[in-house]
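Q: Numbering (the numbering used here), first residue to last: 10 to 279. Just dropping this structure here.
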């Protein structure tokens, strides 16, 4: 990422800090997570439960397009969040938090087309996408805890790439997102260090993780596939609608076949 782009993102996040803070408060109240708490991505049931509190069914699927982070299909009653499990775990976590923001705040595009598409760590220029990214960074790396972890790591090393890597691993966040969060909170203000972090490539980050004895699993995809669980859910809902004479048997079967067809187009096997 270019330095100018990184600075622009950091400045935007600082300017939006108060608004994003209110959205975070809404999230914590509705999710039941203590204020400033972190999400537990090691429990699939927990992640699904949190999403359901925002009328979202979250599903992890490996997708053919490795640049696609997540898709959010939005309706008045319920939304379906398809998160790409073929991208690194840390990026997948960020994508989930990004789409939670859109589920809480459906913008013009989502309301008009019924779908939001998040490209993996692609910091787009639209204001809604920038807000969703800022929210995701804050949710993954809560301010108070981020400051505490930063101080602890800095007491052991002043090598900024190592600090960013250790923070990213601690929170299960992407390396670049951790770098942006550090500068957003003004924990470091050295533009040279920011430029160095933003220039780290995938191989550089992996090598850094290994040198620092960090968990490289965050840099790898899980390939978690919950399509069968989604099919069971959709079939149950279709059966209920058929029984209530709100949907014909023929239409129910058509919808389920379309679901299979959609998965055939976007799904992948790892």
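Even for Gly, the Cβ is constructed at its ideal location relative to N, Cα and C.
Use the C-beta contact count for residue 67: other C-beta atoms within 10 angstroms, 16 or more gives buried, fewer gives exposed.
A: With 16 or more Cβ atoms within 10 Å of its Cβ, residue 67 is classed as buried.
Q: From the DSSP output, in three-state form, read off residue 10 for me.
A: Residue state, collapsed to three classes: coil.
Q: What span of residues does the beta strand (DSSP E) with residue 213 cover, start to end?
A: Note, residue 213: premise wrong, no beta strand (DSSP E); alpha helix (DSSP H) at 211-220.
Q: Whose C-beta lies closer than 8 angstroms to the C-beta of residue 34 among residues of the same chain, with five residues either side of it excluded?
A: The residues are 44.
Q: Put residue 93 into one of helix, strand or coil per three-state DSSP.
A: Looking at residue 93 - three-state DSSP - the assignment turns out to be strand.
Q: With a cut-off of 8 angstroms on the beta carbons, I'd call residue 156 and residue 194 a contact; round off their distance for me.
A: So it is a contact: roughly 7 angstroms between Cβ atoms.
Q: Whose CA, out of 15, 113, 94, lies closest to the CA of residue 83?
A: Answer by Cα proximity: 113.
Q: Using 10 angstroms around the beta-carbon of residue 90, count the other beta-carbons present and answer buried if the total reaches 16, otherwise exposed.
A: Residue 90 comes out buried.
Q: Starting from residue 125, trace the alpha helix (DSSP H) both ways and give me its first and last residue.
A: Note, residue 125: premise wrong, no alpha helix (DSSP H); beta strand (DSSP E) at 124-128.
Q: Less than 8 angstroms between the C-beta atoms of residue 106 and residue 144, yes or no?
A: Cβ distance < 8 angstroms, so residue 106 and residue 144 count as in contact.
Q: Could you pull out every residue in the same chain whose Cβ sits closer than 6 angstroms to the Cβ of residue 137, ignoring the five residues on either side in sequence?
A: Counting only Cβ-Cβ distances below 6 angstroms, and skipping sequence neighbours, we find 116.
Q: What distance in whole Å lies between the Cβ atoms of residue 71 and residue 232, which are believed to be in contact at a cut-off of 8 angstroms?
A: Sure, about 5 angstroms apart at Cβ, within 8 angstroms.
Q: Have a look at 10, 178, 29, 257 and flag the residue whose alpha-carbon is nearest the alpha-carbon of residue 139.
A: Nearest C-alpha to residue 139: 29.
Q: Between the alpha carbons of residue 179 and residue 40, how many angstroms are there, rounded?
A: Distance between the alpha carbons of residue 179 and residue 40: 22 angstroms.
Q: Grab me the residues of residue 15's own chain with a C-beta within less than 7 angstroms of its C-beta, minus the 5 sequence neighbours each way, in chain order.
A: Excluding residues within five positions, the ones whose Cβ falls inside 7 angstroms are 189, 203, 207.
Q: In chain order, what residues of the same chain have a beta carbon less than 8 angstroms from the beta carbon of residue 12, not counting five sequence neighbours either side?
A: These residues qualify, in order along the chain: 200, 203, 204, 207.
Q: What's the C-alpha gap between residue 169 and residue 213?
A: So the two alpha carbons sit approximately 14 angstroms from each other.
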